[in-house]
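Residue numbers (my numbering): 1 to 202. Here the structure is laid out as structure tokens; the discussion comes afterwards.
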């Protein structure tokens with residue numbers, strides 16, 4: 001397999017790095033492969049149902065035309081302007097929805113957290129392994145509902161660093177991510193110990 005290529009698998013289905021097979025189901029998927037330099041990587045994503053931008057705009061325009069015709073027939077031009085601004089605000093709100101959040105675990109290097117919006121905007125944040133102390137799963141209660149979230153304990157910060165800030169994957173996905181991060185931290189710690197010079201005998 002060439003560096004940079006990845007293989008996908010779903011849930012706990014393990015595939016060989018030499019198999020050319022892609023599996024993706026439901027709302028989350030994981031990928032495993034190699035990055036440049038031969039470092040092993042793991043990427044786990046949680047995404048909303050696919051909503052193509054073209055279809056969204058088509059529906060917005062169709063509904064806008066229909067409502068404008070009805071509004072013009074009953075009210076007049078003033079309501080058309082108000083309706084137009086409401087539709088623009090609705091479209092902007094739709095484009096601000098987070099469609100996918102993923103974390104890429106690269107052994108011995110760190111974590112890359114990626115957020116993808118429905119508009120196509122992408123934001124990435126990288127955390128090196130040296131800054132990560134531990135990864136935890138906590139339960140939060142909000143508005144009479146409870147949910148689990150995944151967070152990192154970072155050395156130079158007193159606050160928790162959330163991996164999935166906008167979406168709420170189920171506990172099974174969070175456990176999968178925590179396991180991958182803990183394994184990467186263990187590998188990094190072992191490599192650090194090997195690089196330390198042996199103490200000189202007395």
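Just so it is clear, CB atoms sit at the ideal spot from N, CA and C, and this is done for glycine as well. Since we're looking at a predicted model, the values are computed, not measured.
Residue i, DSSP secondary structure in three states
i: residue 107; result: coil
i: residue 186; result: helix
i: residue 195; result: helix
i: residue 124; result: strand
i: residue 14; result: Residue placement at residue 14 is flagged as unreliable, the pLDDT there being 29, under the threshold of 50; the coordinate-derived value follows with that caveat. Residue 14 falls in the coil class under three-state DSSP.
Rounded separation between residue i and residue j - CA only
i: residue 150; j: residue 121; result: 23 Å
i: residue 132; j: residue 154; result: 5 Å
i: residue 134; j: residue 86; result: 46 Å
i: residue 109; j: residue 148; result: 27 Å
i: residue 144; j: residue 127; result: 33 Å
i: residue 180; j: residue 105; result: 7 Å
i: residue 195; j: residue 160; result: 30 Å
i: residue 190; j: residue 173; result: 26 Å
i: residue 188; j: residue 111; result: 12 Å
i: residue 101; j: residue 123; result: 10 Å
i: residue 142; j: residue 193; result: 42 Å
i: residue 176; j: residue 107; result: 16 Å
Test item: CB-CB of residue i and residue j under 8 Å
i: residue 166; j: residue 98; result: yes
i: residue 185; j: residue 129; result: yes
i: residue 203; j: residue 103; result: Residue numbering for the chain in the displayed model covers 1 to 202; residue 203 lies beyond these limits and cannot be assessed.
i: residue 183; j: residue 137; result: no
Chain C within 8 Å of residue i, Cβ atoms only
i: residue 102; result: This model lacks chain C altogether; it includes just one protein chain.
Other residues of its chain near residue i: CB distance less than 8 Å, five sequence neighbours each side excluded
i: residue 146; result: 139, 140
i: residue 156; result: 131
Other residues of its chain near residue i: CB distance less than 6 Å, five sequence neighbours each side excluded
i: residue 125; result: 113
i: residue 152; result: 132, 135, 161
i: residue 89; result: none
Contact set for residue i: own chain, Cβ-Cβ below 7 Å, skip 5 residues either direction
i: residue 171; result: 148
i: residue 158; result: none
(request) Enumerate, from N- to C-terminal direction, the unbroken beta strand (DSSP E) stretches of 3 or more residues contained entirely within the region 115 to 168. (result) 122 to 128, 132 to 142, 145 to 154
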